[in-house]
Each structure stands twice: as structure tokens, then as C-alpha cells.
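Per my numbering, residue 23 is the first one in the sequence shown, and the count goes up by one each step. Backbone N, C-alpha and C define an ideal beta-carbon position, used for all residues, glycine too. All figures in this text were calculated on a predicted structure; none of them were measured in a lab.
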Amino acid sequence: MDALGFVMDNLGHFAPLDIANLIFAVLAATLLGYLLGRFGGRLPASSARELALWAAGAALGTGLVRTQLPLAVVLLALVILSRGQLGAKGDRALTFCALAFGMGCGSGASLIVLAVGLPFIVVVRWAFTAERA
């Protein structure tokens, strides 16, 4: 197998141009979630950041599932199974994001998850400021 074959095998149901679209969707959801919490709900910055992280995680999960019913069912099953193992509020958001990462990698879109996951982790880092340290 050559390098191009390896890349195409790990794109899953995505095209290379979908990477930029998914990154934009995640970042737009982050901005909208933050604005919703901070200015719409008048929440403190830390709560608005967590809401932004939930919005970004939902965009990531939805973007990875897209129109594939089996992947949507898998994501739903993973979320339901993880409910009993959740701790603090921030841990729930991180658990959901980790499930979305795992689902994306397991569905054969590892390169997409890596390409979108790295900027997404920057969003997570921003959402959890020094308060967690």
C-alpha cells in the first residue's frame, strides 16, 4: 500500500476539503456557545466557557456522524453507557468529547479526527483555564 492509499483509507466518509469545513463548524459553535452563555445568559466566564465546550463537542460529534445512522446510534449508545461514570460538570463535557474522538477514529476517519481534534483541544484548553489546575 502506498501513502496515498493509507491516507484515503483513513479519511472515512470524508473528503480532504471537509477538514476545513469541520474545523470551521467546531470553532463557530464554540463562539456561539460562549456568546450564548456570556451575553445571552449572563453567566460568569467559566460557565460560558463550559457551555462553549459543550457546543463545540456537539458540533464535533455531529460533524463526525453526519448523515450516517449507524454512527449516530453508536454515538448515542456511547453517551448512554458513559452516564454512570461521570463526575464533575467539566468531566462530563470532556467525556463526551473523548467519546466523539473515539467514535470518529473507530469509524475509519482517524486522519479527520486528528486534523480537527488538535484545534479542538485548543478550544478545550481555553475553556478550562487555570481553575482546573
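Around the beta carbon of Phe142, 16 or more other beta carbons sit within 10 angstroms, so the residue counts as buried. Following the DSSP letters along the chain, one finds Gly59 in no alpha helix (DSSP H), marked with neither H nor E. Distances from the CA of Asp40 to each of Val138, Trp148, Val144 were compared; the closest alpha carbon is that of Val138. Leu73 sits close to Gly55, with the two beta carbons spaced by under 8 Å.
The three-state reading of DSSP puts Pro66 in coil, since its state is none of H, G, I, E or B.
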